[in-house]
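As structure tokens, the structure follows; a few thoughts come after it.
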Amino acid sequence: MYPVYILRHGETTWNLERRVQGRLDAQLTDRGRAQAAAQGRIVAEISAAYPDLTVHCSPQGRARTTWEIAARCCGHEGPVRFDERLSEVDMGAWQGLTHEEIAPRWPGIYTAHDTVFALSLNTPGGERYANLAARVSGFLGDLSGPALVVTHGITSSVLRGQLLGLEFDEMAWLDHEQGVVFAIENGLETVLRPIP
């Protein structure tokens, strides 16, 4: 498999509010914009090593904005391929609600699922793991060289999990850190952080 570099979008106003985004969007915070710029500095080094690097991005606003900032910072002028398969999991009835609003409306839901990952894939009217895994698998099957992917927290976990050969329960414990690049090659993951 070719090396794959994965960026989660920068922090949004809804991340700060603990508000579920899913297929909805919120603006990047100042910190989120700084995270995207830091990712751009990391991408500059990756692009130098892989001139044939293709860029794939979720079409959702927070991912697009993250890539636009990162691209400016690394001087990347090549094309970007927007792909619906990289969109965040649809979280159904929870989208737009804070966790404080969800808890009383769905009693016991937080005790039924022990991770944010499992919780996000079991929302009322939302997308399930099988569908998300299928679209991510299809995306990976279409890659034909080194790739940079800009996506979201839950989608990133499934994407990284498939590249690392993980089971569902193992994917649940992957980190969702923003402002870094997850580099995966030969079944191993390295977290690339910007130099201060």
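For the sequence shown, the UniProt record's numbering assigns the number 1 to the initial residue and increments by one for each residue that follows. C-beta: ideal position from N, C-alpha, C; glycine also.
inquiry  = Please classify T111 as buried or exposed, where buried requires at least 16 neighbouring CB atoms within 10 angstroms.
reply    = Label assigned to T111: exposed.
message = Tell me the rounded alpha-carbon separation between P146 and P104.
response = Taking the CA atoms as reference points, P146 sits about 45 Å from P104.
key: Which listed residue (H56, R23, P3) has its alpha carbon closest to that of G125   = Selected option, being the one with the closest Cα: R23.
inquiry  = Can you tell me whether I6 is helix, strand or coil according to DSSP?
reply    = Looking at I6 - three-state DSSP - the assignment turns out to be strand.
inquiry  = Let me check one thing: in DSSP terms, what residues is V191 bridge-paired to?
reply    = V191 is bridged by DSSP to F182.
query = Exposed or buried, Q35, counting other C-beta atoms within 10 Å across all chains shown (16 or more means buried)?
reply = Counting C-beta atoms within 10 angstroms of its own C-beta, Q35 has 16 or more neighbours from the protein chains shown and is therefore classed as buried.
request  = Under 7 Å Cβ to Cβ from D90, same chain only, skipping five residues before and after it: list those, please.
outcome  = Counting only Cβ-Cβ distances below 7 Å, and skipping sequence neighbours, we find G22, R23, G126, E127.
task = Flag this pair as yes or no: are the beta carbons of L163 and I46 separated by less than 8 Å?
result = No, Cβ-Cβ distance for L163 and I46 is not below 8 Å.
ask   = Is it true that the CB of G10 sits closer than 8 Å to the CB of G32?
value = Inclusion of G32 and G10 in the CB contact set at 8 Å is warranted, their separation being smaller than that value.
Helix, strand or coil at T98 according to DSSP, with G and I counted as helix = In the structure shown, T98 falls within a strand segment according to DSSP collapsed to helix, strand and coil.
message = For N122, which residues in the same chain have their Cβ closer than 7 Å to its Cβ, ignoring the five residues on either side in sequence?
response = Closer than 7 Å at the Cβ level, and outside the excluded window around N122, lie H113.
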